[in-house]
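Protein sequences appear in the order of chains C and L. Quick note: to get my numbering, add 190 to the position in the first sequence (first position is 1). Quick note: to get my numbering, add 118 to the position in the second sequence (first position is 1).
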Amino acid sequence: MNRISQKILWLVETIVAIMVIAMVALTFADVIGRRIFGAPIYGANDITEHLMALIVFAGLPIVTAGGLHLSVDLFCKFLDHPTMRWWKMMTEISVGVILAVVAWVFFNHAENAQTIREVSQALNVPRAPLYVYMAYSAALSSVLAFVAAIMGSFGATKHEKTEDVL
Amino acid sequence: MIVGSISMAAAIFLAFLRVPLAFALLATSIIGLGVVINWNTALLLLPMTISDAVLSYDLAVVPMFILMGNVISRTGIASDLFKAAYAFVGQVRGGLALSTMVACSGFAAVSGSSYATAATMAKVAYPSMKKYGYSDELATGTIAAGGTLGILIPPSIIMVIYGILTQTNIGHLFIAGVVPGLFGLALYMIAVRVVAALNPDQAPKGDMTPWRDKVKALAGVWPFMLLFGLIIGGLYGKLFTPTEAAGMGAGISILIAFGTGRLRVSAFRAVIVETIYTTVALYSVLFGALMLSKLLTMSGLAFGVLDLVQSTGLQGTSLIFVILLVFLVLGCVMDSMAIILIFVPLFAPIVVAQGFDLVWFGVIVVVATEIAMITPPIGMNVFVLKAVLPDVAIQKIFKGLFPFIIADIVRLGVLVIFPAITLWLGATG
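Written as structure tokens, this is what we have:
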């Protein structure tokens, strides 16, 4: 990974980490406010829900690019064999296609939300921009899955060539 | 029904071929729904399902409990729990193993991870047990089995996922897990005592701890007591919702970690990043499971299986035992989370139709899948332990686990036959 992408990763992780801390602090303050001072924070649930969406979809491209999604490792010895690299590539392409579908449906979902003026329950925050954000996140994740598929195959080719030379 | 069955089989097949679980479930569900209803509806359901889940306040419990577990795990709580438990039970035969078991259940409860518990306790407790001459079988068996205990004791992420999938009250699930979790601990401790009695040379007595040191050791576990008391007390006393309890737990664990000087800012950042990755992976897989759940209903598979079960004449407790047998067999080849995500939406309607309580079913299903974590051939906790302790043969670990697997089967049977044990704290679906 080059230095620029490392810096971008660090920046995104830091922003998302701040969101997580904000969510904990908000919930903490809301409970204390409600139980001790009888004064909950208005719209705290709404803000938490939005923060969750922001956190999950900010992390999606990183988790996808890093291959950190949950998987069943029952046949890992068989699937890790060099002859099965094509399957790994196919898997990553499939992930990319599914994420592209998710991106596409979220762009449509955002349009519908805009049309019906969908807003959040307490604070009346418009949902459409959030759905657009989710769509872009899924689109970026899709691109990264395709890149991982291609880079993986490039890597495999290089590795095979090295083995041939040896 | 046929489309539902094919989609489900395809999802399992793809998962075994290491297609990330989230995408195996999403792909098969979208295609299945497209065929069963129509493509437009399937593609409308997708963003609706995802946005409903990601914008759910109840689900925000997941990252905050994960954060709490990750933070408190870094404060050396495992070692403190072990020292405290040893101070009280170390002097009896098998005392070190008993201490390990208590510490495992406490650490697994707050960390929420069987794997993390097995890996951490292997470093904390194994050297002491070896020093005192414990056999590899008993030492590793204790650690691997102990890791499975915390999954029932709140907070439990797997219970949250079950609650979301079955629309069961998460607070009730947490409360219901307490007694079966402690019952499991008691049975494991009996198993240790039996092994120690049969093979006294494998489990020698430890040193007697003076009362002053006992009090001192107990004082070291106050963060654990505070968090556990806050979460259980808050939920049972209906002071908090599970999400609020998670927020309080995470907030207090951060204050404790920094207040006691056991966590640095750089380590804290790493803890949060780890939390984010786990959360994203869990949410992704949940999106897929929720879509699969819709497919199971709309394809008629859930009702088809229900009809099939009714036509066999199986009902009541015998039916539950058959379902648990399926979960146990699945557990031999799949992870607990994967089993719950894929199969709970299929079996939950049958359980409801038979008049059983979904809170109780959640507890016994989690127990069944956790047994799978220590049984051959996969037994993930065993492999985690093997990775940390490469010099111990895997056969020895499995051999050491035998008494604990017996204890688990006894626990599962008792919990099925006497649902009141699970529900007596007042938690019902």
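We put the beta carbon where it would ideally sit given N, CA and C, even for glycine. Please read these numbers as outputs of a predicted model, since none were measured by experiment.
- Just so you know, the alpha carbons of residue 341/C and residue 278/C end up roughly 11 Å apart.
- In the three-state scheme derived from DSSP, where H, G and I count as helix and E and B as strand, residue 210/L is classed as coil.
- Taking the C-beta atoms as reference points, residue 458/L is found no nearer than 8 Å to residue 410/L.
- For residue 538/L, the number of other beta carbons within 10 angstroms of its own is below 16, and it is reported as exposed.
- At least 8 Å separates the CB of residue 201/C from every CB of chain L.
- In the DSSP secondary-structure assignment, residue 201/L is not bridged to any residue.
- In this chain, residue 310/C is not harboured by any alpha helix (DSSP H), its DSSP state being neither H nor E.
- Any Cβ of chain L closer than 8 Å to the Cβ of residue 322/C would place that residue at the interface, and such an atom is absent.
- For residue 301/C, no CB of chain L lies under 8 Å from its own CB, so it is not counted at the interface with that chain.
- Using beta-carbon distances, residue 365/L counts as an interface residue toward chain C, with a partner under 8 Å.
- DSSP places residue 323/L in the strand class (E or B) of the three-state scheme.
- As the crow flies, the alpha-carbon of residue 376/L is around 47 Å from that of residue 306/C.
- Annotation for residue 428/L: the continuous alpha helix (DSSP H) segment containing it runs 419-430.
- With a cutoff of 8 Å on beta-carbon distance, residue 224/L and residue 481/L are scored as not near each other.
- Contact annotation: in the region 229-241 of chain C, residues whose CB is within less than 7 Å of a CB in chain L are 235, 238 and 239.
- Under the Cβ distance rule, residue 341/C does not count among the residues neighbouring chain L, no pair being separated by less than 8 Å.
- Short of 7 Å from the beta carbon of residue 416/L, and not among the five residues preceding or following it, lie these beta carbons of its own chain, in chain order: 151, 154 and 155.
- Counting the other CB atoms within 10 Å of its CB gives residue 328/L a total below 16, which places it among the exposed residues.
- Within the region 430-497 of chain L, the runs of alpha helix (DSSP H) that reach at least 4 residues and sit entirely inside it are, in chain order, 434-449, 454-471 and 476-489.
- Of the candidates 448/L, 208/L and 268/L, the residue whose Cα lies closest to the Cα of residue 252/L is 208/L.
- Interface with chain C (8 Å Cβ-Cβ cutoff): residue 120/L is excluded.
- Below the 7 Å Cβ cutoff, chain L contributes 365, 366 and 369 as neighbours of residue 218/C, in chain order.
- Neighbourhood of residue 138/L in chain C, by CB distance below 7 Å: 259, 260, 261 and 285, in chain order.
- Close partners of residue 213/C in chain L (Cβ separation under 8 Å): 178, 181, 182 and 365.
- With a cut-off of 8 Å on Cβ pairs, the region 311-323 of chain L is not in contact with the region 529-536 of chain L, counting fewer than three such pairs.
- Within the same chain, and ignoring the five residues on either side of residue 456/L in sequence, the residues whose Cβ sits closer than 7 Å to its Cβ are 133 and 139.
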